[in-house]
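Each remark here refers to the structure printed beneath this line.
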Amino acid sequence: MKPSITPTNTEHKMAENDFIVSKTDLKGRITYANRIFMRMAQRSEIELLNVQHNIIRHPDMPRGVFRLLWDTLQQGGEFFGFVKNLCGNGDYYWVFANITPDIGSDGNVKGYYSVRRQPPENAIQAIIPLYAEMLAIEKRAGPKEGPDKSIAYLQQFLADKNTSYRDLALNLYND
Ligand SMILES: Cc1cc2nc3c(=O)[nH]c(=O)nc-3n(C[C@H](O)[C@H](O)[C@H](O)COP(=O)(O)O)c2cc1C
Numbered sequence: 008m009k010p011s012i013t014p015t016n017t018e019h020k021m022a023e024n025d026f027i028v029s030k031t032d033l034k035g036r037i038t039y040a041n042r043i044f045m046r047m048a049q050r051s052e053i054e055l056l057n058v059q060h061n062i063i064r065h066p067d068m069p070r071g072v073f074r075l076l077w078d079t080l081q082q083g084g085e086f087f088g089f090v091k092n093l094c095g096n097g098d099y100y101w102v103f104a105n106i107t108p109d110i111g112s113d114g115n116v117k118g119y120y121s122v123r124r125q126p127p128e129n130a131i132q133a134i135i136p137l138y139a140e141m142l143a144i145e146k147r148a149g150p151k152e153g154p155d156k157s158i159a160y161l162q163q164f165l166a167d168k169n170t171s172y173r174d175l176a177l178n179l180y181n182d
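Spelled out as structure tokens, the structure:
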């Protein structure tokens with residue numbers, strides 16, 4: 008069980024040249040965390056290692072985004088996206104994440120790598136209302152149907168803009 012943390016409104020920003028790096032096994036349990044990850048998440052190595060990456064899940068994040076993340080990885084793809092994360096003391100930090108499969112010497116996927124960079128402020132301002140709407144849809148629909156409904160909303164939002172989540176995220180990052 009994750010101990011419950013009360014979220015605060017205090018944001019910590021990644022520095023321009025910082026990279027937060029973690030590795031996980033196939034189930035998303037953390038097998039490596041760099042120092043910047045520990046510092047930003049306000050967590051020790053002991054707290055992070057061998058636990059599910061959802062230890063830093065922020066309650067403002069819609070489940071639909073994580074569904075997309077896992078679907079992308081399980082199809083052998085690479086995920087790019089914006090994630091709001093929870094610090095050990097309840098504060099938060101936004102990241103631009105790139106998650107890729109970690110391929111072993113036998114050619115099989117043995118886990119995943121995630122590298123996060125500082126997200127541009129304009130990108131976060133564009134993402135906040137989108138995620139807030141997805142979260143509101145999930146709350147209305149309940150845990151069973153919520154992620155499907157919020158993903159349907161996201162797909163329609165992206166179709167209206169003639170884009171994909173990956174391209175939206177990369178364009179927001181590069182703008
Ligand atoms: C390599 C990798 C990195 C991840 N990084 C994060 C992260 O920074 N924040 C996060 O909330 N979830 C991250 N996840 C997703 C979590 O494993 C989990 O699916 C998510 O937090 C939702 O958890 P829940 O289903 O228990 O609500 C990552 C997964 C992988 C495989």
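The sequence shown begins at 8 in our numbering and counts up one residue at a time.
The beta-carbon is built from N, C-alpha and C at its ideal position, and this holds for glycine as well.
Practice task
Return yes when the C-beta of R70 is under 7 Å from any heavy atom of ligand 1, and no when it is not.
Solution key: yes
Practice task
Could you please give me the residues that DSSP links to K30 through a beta bridge?
Solution key: Y39, Y120
Handout entry: Beta-carbon proximity check, V102 vs I27, cutoff 8 Å
Key = Taking 8 Å as the Cβ cut-off, V102 and I27 qualify as a contacting pair.
Exercise for the section: Would you check whether ligand 1 has a heavy atom nearer than 7 Å to the C-beta of A159? Expected result: no
Problem - Per DSSP, the bridge partner or partners of T107 - result: Y120
Problem - Inter-residue Cα distance where the pair is E152 and G71 - result: 10 Å
Problem - Test item: CB-CB of S11 and P69 under 8 Å - result: no
Problem - Pair within 8 Å by beta-carbon distance, L179 and V116 - result: no
Exercise for the section: Spatial neighbours of R123 within its chain, please: CB distance less than 6 Å, with the 5 preceding and 5 following residues excluded, ordered by chain position. Expected result: I27, V102, A104
Practice task
Mark G83 as exposed unless 16 or more other C-beta atoms lie within 10 angstroms of its C-beta, in which case mark it buried.
Solution key: exposed
Exercise for the section: Output yes or no for whether 8 Å exceeds the beta carbon distance between Y120 and D109. Expected result: Yes, Cβ-Cβ distance for Y120 and D109 is below 8 Å.
Exercise for the section: Determine the burial state of I63: buried for a count of at least 16 other Cβ atoms within 10 Å of its Cβ, exposed for fewer. Expected result: buried
Practice task
Confirm, please, whether the CB-CB distance from V58 to R74 is below 8 Å.
Solution key: no
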